[in-house]
Every structure is written in C-alpha cells, then in structure tokens.
Amino acid sequence: ILMHAYVRYFEMSPLFCNGQNRAILLFIIVVTGYCYFKKYVGDTKRCRRFKVRPLNRQRKLYGHFNTLIRDMLSKEPDHTQFFKYTRMTPELFGSLLDIVGLLLKKDPTKNPPQPSASSHVNITVS
0 ILMHAYVRYF EMSPLFCNGQ NRAILLFIIV VTGYCYFKKY VGDTKRCRRF KVRPLNRQRK
60 LYGHFNTLIR DMLSKEPDHT QFFKYTRMTP ELFGSLLDIV GLLLKKDPTK NPPQPSASSH
120 VNITVS
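In terms of this note's numbering, the sequence shown opens at residue 0 and continues consecutively.
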C-alpha cells in the first residue's frame, strides 16, 4: 500500500516526467520491497542442534561409510538419521544386505582392500 502511494505521488509530480527520475523511483521501490521481504519473510534461519554432527566429525579420519553407517547401526542406533541418509529403516537395509551381500562380496586377498558388501549396498541406495 505504501509503495502504491509513492507511485501515485510521483506519477502526478512534474519531476517524474523524465526517464532518469523514473529509473530512480523504480530502483527505490525495488530496494524497499527487497528490504521488506528480507526483514519479514525471507529471514527464517533454522536453529540447529549441532554445527557439525558428532557422527560426521571423524569422517575424514575413518572414511564416509565407516563413520556414518556403522555408527548409525552401532549400540545406540540413530534410526532417524539412518532413515534420512538411506531412506530406509535399518531392518530393511539388513534384509537387503542379506539378499545381495554374498553377490557383492569381493576377494579379501586383493590389493588394495575392496570395500565391504554393506558399503556397496549403501552406495547403491544413497
């Protein structure tokens, strides 16, 4: 409503006749609208519990799969994070691993060591 009043005032003003003043007015209206949007609508940052999840802190040291999946399935399973990461429950992941695990198992004598079957299933699912 306020911007509409500005536009109506400047349209009736004799200063508004040339193109430069029209461009300045348009710029002012756009900047005002952007500031309003950022202040009241666009500034909705989430409050996060962790800056870096404890699970991901050691990822560079131990590797992506070893840190994430094994820790999510450890003694204190984090089912919500596991579901967010793989889009399946740990039980379904275990069933899928039982079905295709033997087919994905590689020769352990190879050099360099091959990724585990559960790592292959995780990569395929993710």
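Every residue gets a Cβ at the ideal spot worked out from N, C-alpha and C, and that includes glycine. Computed from a predicted structure; not experimentally measured.
Cα-Cα separation between P89 and H78, rounded to whole angstroms: 7 Å
When S117, V30, V51 and F26 are compared against T85, the one with the closest alpha-carbon: S117
Simplified DSSP state of V71, which is helix, strand or coil: In the sequence as displayed, the identity of residue 71 is Met instead of Val. If DSSP states are grouped into helix, strand and coil, M71 belongs with the helices.
Simplified DSSP assignment, three categories, for K38: helix
Euclidean distance between Cα positions of F49 and Q80: 13 Å
P89: first and last residue of the uninterrupted alpha helix (DSSP H) it sits in: Counting along the chain, the alpha helix (DSSP H) containing P89 begins and ends at P89 to L103.
Same chain, Cβ closer than 6 Å to G100, five either side skipped, listed in chain order: Excluding sequence neighbours, G100 sits near A116.
Cα-Cα separation, V40 to D70: 38 Å
As assigned by DSSP and simplified to three states, the class of F49: If DSSP states are grouped into helix, strand and coil, F49 belongs with coil.
Close Cβ partners of S155 (< 6 Å) along its chain, the five nearest in sequence each way excluded: Examination of residue 155 is not possible in this model, given that the chain is present from 0 through 125 alone.
Integer Cβ distance of L96 from V120, believed to fall under 8 Å: 5 Å
Residue interval of the alpha helix (DSSP H) (run including T85): H78 to T85 is the extent of the alpha helix (DSSP H) around T85.
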